[in-house]
Amino acid sequence: MGKLKRIKKLNSGDVFAIPLSNGFAFCVVCVGNEIAFFDHKVDASEMPNSLVELPIAFRVLVGNGEAQAGKWIFLDNIKLSDEMLSKSNFLHKPVGSQDYFIYCDGKSVMASEEEVKGLELFTVWFAEDILRRLEELFDGKECSTTAAIKMQLNIPF
């Protein structure tokens, strides 16, 4: 029998460079499986000096082991602000439901369409989906994964 590969635990503040087809993007582990991806692409995998001051493109829940699966390059562990260490709110709309919920830290609270507009979807992202989303972002395109999920759940915005 082959050895099982051990999934490395991510820690808040872990910074990774993500190899793209033509450069590198960066992310930082915030809290739990929430990872913030920066709206910044460069040619080399060296961490920018002012990484935490860069705009965040999106912050989502990422599956266990996806940093390894995506061959993300660990760069450093940095100190994060209280805001980065806080859990995020996510848009939760169960399949077949007409109701919207705000999901945060294991709890879902019913909400209006207006309250959930602009929130990230409550879903777990995998390395290949993150890569596609980053490539689309830097190509100026809408995220095809988000669009497909919203269509399936009948989310019109």
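Heads up, the sequence shown is in numbering that gives the first Met the number 0, so the first residue is 0 and it goes up one at a time.
Glycine included, C-beta positions come from ideal geometry on N, C-alpha and C.
Treat the numbers as computed from the prediction; the structure is a model and nothing was measured.
Exercise. If we call anything under 9 Å between Cβ atoms a contact, is L136 one with N88?
Worked result: For L136 and N88, no; Cβs fall outside 9 Å.
Exercise. Alpha helix (DSSP H) containing R131: first to last residue?
Worked result: Per DSSP, R131 belongs to the alpha helix (DSSP H) from A126 to F137.
For this session: Starting from the Cα of F25, find the closest Cα among V14, N10, E127 and G31 and give me that residue.
Result: The shortest Cα separation from F25 among V14, N10, E127 and G31 belongs to V14.
Exercise. Applying the criterion that 16 or more other CB atoms from any shown protein chain within 10 Å of the CB defines a buried residue, is K92 buried or exposed?
Worked result: Answer is buried; the Cβ neighbour count reaches 16.
Exercise. Cα-Cα, which of V115, A126 and G139 is closest to K149?
Worked result: Closest by alpha carbon: V115.
Exercise. Between D128, Q151 and I154, which lies nearest to V59 when the distance is taken from Cα to Cα?
Worked result: Nearest in C-alpha terms to V59, of all of D128, Q151 and I154, is D128.
Exercise. For L9, which residues of its own chain have a beta-carbon under 7 Å away from its beta-carbon, when the five flanking residues on both sides are left out?
Worked result: Closer than 7 Å at Cβ, skipping near neighbours: V28 and A66.
Exercise. With respect to the alpha helix (DSSP H) encompassing S143, which residues constitute its N-terminal and C-terminal limits?
Worked result: S143 to Q151 is the span of the alpha helix (DSSP H), which, as asked, contains S143.
For this session: Under 7 Å Cβ to Cβ from G69, same chain only, skipping five residues before and after it: list those, please.
Result: Excluding residues within five positions, the ones whose Cβ falls inside 7 Å are I17, A126, I129 and L130.
For this session: Work out the CA separation of C142 and F37 for me, nearest whole Å.
Result: Whole-angstrom Cα-Cα distance: 15 Å.
For this session: Find out if the Cβ-Cβ distance for the pair G12, L79 is shorter than 9 Å.
Result: Taking 9 Å as the Cβ cut-off, G12 and L79 qualify as a contacting pair.
Problem set entry | 8 Å CB neighbourhood of D98 in its chain, flanking five on each side removed | The beta carbon of D98 lies closer than 8 Å to those of K92 and M109 in the same chain, with the five residues before and after it left out.
Exercise. In this structure, does DSSP put L50 in helix, strand or coil?
Worked result: Helix, per DSSP.
For this session: Determine the closest residue to S111 out of G105, I101 and L120, with distance taken between C-alpha atoms.
Result: When the alpha-carbon of S111 is set against those of G105, I101 and L120, the nearest one is in I101.
For this session: Would you list the residues sitting across from S44 in a DSSP beta bridge?
Result: Paired residue(s): none; S44 is not in a bridge.
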